[in-house]
Amino acid sequence: MTGSFDIAKPNLLQGMIEGQMQPVIDKAGKQVPKFIVLQVLNAALTYDMYLPYIDEVYKPVFQAYYDKHHVDVVMVDIWKERDVSFNNDLDLDPVVIGIWDTGVDEAILPAENRWVNGAEKKDGKDNDNNGFVDDINGVGFDLNGNKVTELLFPIEEKNSNYQQYEKYLKGLLDLQAMIKSDEADELKKYIATLPPEEVNPFIENLNMYANFSHGTHVAGIASKGNPEAKILAARLTFPYENIPAPPTLENSENWSKMYKNTVQYFKDNHVKVVNMSWGYSQNSYEALLAMNGVGENEEERKALAKKLFTIEKDALYAAIKDASEILFVVAAGNANNDVDFANNIPTGLKLPNLLVVGAVDIEGKETDFTTMGKGVDVYSNGYEVESYIPGGELRKYSGTSMAAPQVVNLAAKIWAVNPDLSVAEVKDLIVKGATPSEENKEILLIHPQRSLSMIQ
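When we follow full-length UniProt numbering, the leftmost residue of the sequence shown carries the number 1, and every step to the right adds one.
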């Protein structure tokens, strides 16, 4: 509860001002972007009205309230009794799952869960003449939308000490989900000792590791308990810098081609269901343009951002629409907002073969971070979900990114039992098998046992 108080330190705020706000102001000239003005005002307010009184005023008040009202309750895991795990001796059909994410460490997955392109070999050539080199377990694209052979971001080239950031990422996710843990405590202590000039590199390295590990964690959740789940990795790359390069027409056109090529690859290789635990908005493009001093004013940046975002949105919409035989499952987001007003992709794409997933905790109760709204079809556990990270160790992460692949897992199990079902039928089984939350009847909690029992 008081985690944010422990992180809020003068050194952290100074580092963010010097590393993130001041460079944008320097590039802006006479017209500083509104969001930077608001950040500066918030920083001033924090310095004057917040930091001096944390230990003497805020923390004691909140701690007293917590001590008075807190009740130690053992959380009851509702998901154990709902889950279904298949054995190798069952008569199941193989199901190819596309993990469209920041990369998958296929080597740490059980051999039975790896999709393998038997017509390809690792020799730097396009042996099967499909336009991709060395696509043995899937395909990859870099930040600019160009084809690459690595299914994982080459993190060692950027940071040879990247592994230490795994524990800091776990701590950050725990703080965001209001979970007390040793990793959260260690993160708070580490941040308190950071010199201001090291704040910016620390945040960028943390972002880099988050991108690096994300897809592998998702893949482990999607394939759990299903020996016939075959993970096909489709890597896309997101920036990790605090001030990334601005979006350009060339990049948007490349990403449009990437969307088309990736979905076509899914179709060519008989993918049944795809997990998409990512998203972005037009507003994010406006911010990137402003950060880099692109455009004379906000109106010009808004127009350019809309143009670039629309190019990518239209391409992704067309690609998914044209793949009606594939179910695309997307994470609702962790912004605690309404999905219907966020204008993000892919959650904003209204298509019959797309399913949006929100996050609840192990008791089936709404999390503090999940995006909600009528556009969210079902909810699953996004709290302390255990899965692999690159290298093979198991870690518990939280977020709608962890909730979506559990729905993918269910869809793959349904198809493993009956491969003849259509996308509409599988989607219907998932939704009709779900049960309303006791807290909010509009929140439908997936129920794998019920959905699988409904298969004809």
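Just so you know, even glycine gets a beta-carbon here, dropped at the ideal spot from N, CA and C.
None of the values given here were measured: they were computed from a predicted structure.
(request) Provide the residue(s) that pair with Gly138 in DSSP beta bridges, ordered along the chain. (result) As a working mapping, residue 138 is identified with position 138 in the sequence shown. Ala233.
(message) Give me the residue from Phe328, Pro419, Ala315 and Ile54 with the minimum Cα distance to Glu228.
(response) Stepping through the sequence shown from its first residue, residue 228 is reached at position 228. Closest option to Glu228, Cα to Cα, is Pro419.
(message) Quick check on DSSP: helix, strand or coil for Thr435?
(response) Residue 435 sits at position 435 when you count from the first residue of the sequence shown. Correct three-state label for Thr435: strand.
(message) Just verifying my parser: in three-state terms, what is the DSSP assignment at Met454?
(response) Translated into positions along the sequence shown, residue 454 becomes position 454. In this structure, Met454 counts as coil in the three-state DSSP scheme.
(request) With a 10 Å radius around its C-beta and 16 neighbouring C-beta atoms as the bar for buried, classify Val24 as buried or exposed. (result) Counting from 1 along the sequence shown, the entry for residue 24 is found at position 24. When all chains shown are included, Val24 counts as buried.
(request) Sort Pro239, Val199, Lys167 and Pro195 by Cα distance to Glu186 and report the nearest one. (result) Along the sequence shown, read from residue 1 onward, the residue named residue 186 stands at position 186. Selected option, being the one with the closest Cα: Lys167.
(message) By the three-class DSSP mapping on this structure, what secondary structure does Met1 have?
(response) Translated into positions along the sequence shown, residue 1 becomes position 1. The predicted position of Met1 is uncertain, since its pLDDT is 44 and thus under 50; a value taken from the coordinates is nonetheless stated next. Correct three-state label for Met1: coil.
(request) Could you tell me which residues DSSP puts in a beta bridge with Trp100? (result) In the sequence shown, the residue the question calls residue 100 occupies position 100. The partner list for Trp100 (beta bridge, DSSP) reads Ala234.
(request) Could you tell me which residues DSSP puts in a beta bridge with Leu206? (result) Stepping through the sequence shown from its first residue, residue 206 is reached at position 206. Answer is none; Leu206 lacks a bridge partner.
(request) Kindly indicate which three-state DSSP category Ala404 falls into: helix, strand or coil? (result) Here residue 404 corresponds to residue number 404 of the sequence shown, with the count starting at 1. Helix.
(message) Using CA atoms only, rank isn't needed, just tell me which of Thr310, Phe141, Gly15 and Pro10 is closest to Tyr53.
(response) Here residue 53 corresponds to residue number 53 of the sequence shown, with the count starting at 1. Closest option to Tyr53, Cα to Cα, is Pro10.
(message) Output needed for Tyr165: all residues of its chain with C-beta closer than 7 Å, excluding positions within five of it in sequence on either side, in chain order.
(response) Locating residue 165 in the sequence shown gives position 165, counting from the first residue. Answer for Tyr165: Asn205, Leu206 and Tyr209, listed in chain order.
(request) Could you check if Thr237 is buried or exposed, using at least 16 other CB atoms within 10 Å of its CB as the buried criterion? (result) By 1-based counting over the sequence shown, the position of residue 237 is 237. It counts as buried.
(request) Label Leu172 either buried or exposed according to how many other C-beta atoms from any shown protein chain fall within 10 Å of its C-beta, with 16 as the threshold for buried. (result) Here residue 172 refers to the residue found at position 172 of the sequence shown. The residue is buried, with at least 16 neighbouring Cβ atoms inside 10 Å.
(message) Can you check which of these residues, Gly19, Ile17, Leu355 and Leu109, is closest to Ile221 by C-alpha distance?
(response) Looking up residue 221 in the sequence shown gives position 221. Measuring from the Cα of Ile221, the nearest candidate turns out to be Leu109.
(request) For the stretch 337-350 and the stretch 298-316, state whether three or more C-beta atom pairs, one from each stretch, are separated by less than 8 Å. (result) For the pair of segments examined, the stretch 337-350 was found to touch the stretch 298-316: the number of CB pairs separated by less than 8 Å reaches three.
(message) Helix, strand or coil, according to DSSP, for Ala335 in the structure here?
(response) As a working mapping, residue 335 is identified with position 335 in the sequence shown. Note: Ala335 maps to coil in three-state DSSP.
(request) State yes or no: is the C-beta of Gly138 within less than 8 Å of the C-beta of Leu151? (result) Taking the first residue of the sequence shown as position 1, residue 138 is located at position 138. Taking the first residue of the sequence shown as position 1, residue 151 is located at position 151. Cβ atoms of Gly138 and Leu151: closer than 8 Å.
(message) Determine whether the beta carbon atoms of Pro247 and Leu289 lie at a separation below 8 Å.
(response) Taking the sequence shown and counting its residues from 1, the one referred to as residue 247 is at position 247. Taking the sequence shown and counting its residues from 1, the one referred to as residue 289 is at position 289. Yes, the Cβ-Cβ distance between Pro247 and Leu289 is below 8 Å.
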